[in-house]
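Novice: First the structure, which I've put down as structure tokens, then a few questions once you've had a look.
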Amino acid sequence: MSDEARPSRTAVVIPAAGRGVRLGPGAPKALRALNGTPMLIHAVRAMAASRAVSLVVVVAPSDGAAEVKNLLDAHALPERTDYLVVPGGDTRQESVHLGLQALPEGVTTVLVHDAARPLVPVDTVDAVIEAVRDGAVAVVPALPVADTVKEVEPAEKPGDPEQVVATPIRARLRAVQTPQGFDHDTLVNAHATIALTGEGATDDAGMVERLGAPVVVVPGHEEAFKVTRPLDLVLAEAVLARRRANDGF
């Protein structure tokens, strides 16, 4: 079958094996409750809200795959979307790689989404998918940077003054979000080619960049922020409260 005749199928990989230490002790970050529902469930629902998504692969903590599968089974999720839970690795890069290995034949577009971005609107998801289907091999949603950014020489001790070495032009900077979208073969090639070093890659588009392949940006959304610190939980609850008031859910 030629590429032109090949049907397009989109799958999502959600690496959710991290502990989320910046949110403090307790459950892994992806399992923290947001409006009474684990963040992971919100993130899965956000991906499944797109009618283009036919499969969501959740990469769980290596010792918690059964717990995560039970969690997915216990919550209402769209029937048109299939779900799969696989155990993850020690780093995000390893976990995404394991998620890619679990994808069935026929997947042409892959999204990689942070479980800690539970509120991304479906329009953003669809925009990323559409850009890949239109020919881009790697797509990232992003927002202009509101703050002036300084590049510094990191201090040896936390809290010590740091020397500024450059001030990037703010108009050229973007704050990257997820889901990031990829041509399946391009992302698989990046994970097979880019060596795993240290903590591994935290940005899949960055791995594709290192292959020399083009990465494009589409508009992100302010509600696709990452829930990392306790204050982010407060903001996420406020967004959900506004949605309930406006949309009745």
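Numbering-wise (the numbering used here), the sequence shown opens with residue 783 and increments by one. Where a beta carbon is used, it is the ideal one built from N, C-alpha and C, also for glycine.
Keeping to the same chain, check which residues put their C-beta closer than 6 Å to that of Ile-823; ignore five residues upstream and five downstream.
Specialist: Answer for Ile-823: His-857, listed in chain order.
Novice: Roughly how many whole angstroms lie between the Cα atoms of Val-1021 and Gly-800?
Specialist: Rounded to the nearest angstrom, the two C-alpha atoms are 24 Å apart.
Novice: Which residues in the same chain as Ala-828 place their Cβ atom closer than 6 Å to its Cβ, once the five residues preceding and following it in sequence are excluded?
Specialist: These residues qualify, in order along the chain: Val-902.
Novice: Within a Cβ cutoff of 7 Å, which residues of the same chain sit near Val-1009, ignoring the five residues on either side of it in sequence?
Specialist: For Val-1009, where only same-chain residues beyond five positions count, the Cβ hits under 7 Å are Met-821, Ala-898, Pro-900, Leu-1015, Ala-1018.
Novice: Under the assumption that Thr-891 contacts Asp-965 (Cβ atoms under 8 Å), give the Cβ distance between them as a whole number of angstroms.
Specialist: Between Asp-965 and Thr-891 the Cβ distance is about 7 Å, and since that is below 8 Å, they are a contact.
Novice: Apply the 10 Å Cβ neighbour rule to Gly-881 and answer buried if 16 or more other Cβ atoms are within range, or exposed otherwise.
Specialist: Flag for Gly-881 reads buried.
Novice: Contact between the region 919 to 939 and the region 950 to 965: three or more CB pairs below 8 Å?
Specialist: These segments touch.
Novice: With 16 other CB atoms within 10 Å as the buried threshold, where does Asp-1029 fall?
Specialist: The residue in question, Asp-1029, is exposed, as its Cβ has fewer than 16 Cβ neighbours within 10 Å.
Novice: Just list the alpha helix (DSSP H) runs in the region 921 to 984, keeping only unbroken ones of 4 residues or longer that don't cross its boundaries, in chain order.
Specialist: Complete alpha helix (DSSP H) runs here, min 4: 966 to 975.
Novice: Give every residue of the same chain whose Cβ lies closer than 8 Å to the Cβ of Val-835, excluding the five residues on either side of it in the sequence, and list them in chain order.
Specialist: Thr-792, Ala-793, Val-794, Met-829, Thr-863, Leu-893, Val-907, Ile-911, listed in sequence order.
Novice: DSSP has Ala-842 in a bridge; who is on the other side?
Specialist: DSSP lists Pro-869 as partners of Ala-842.
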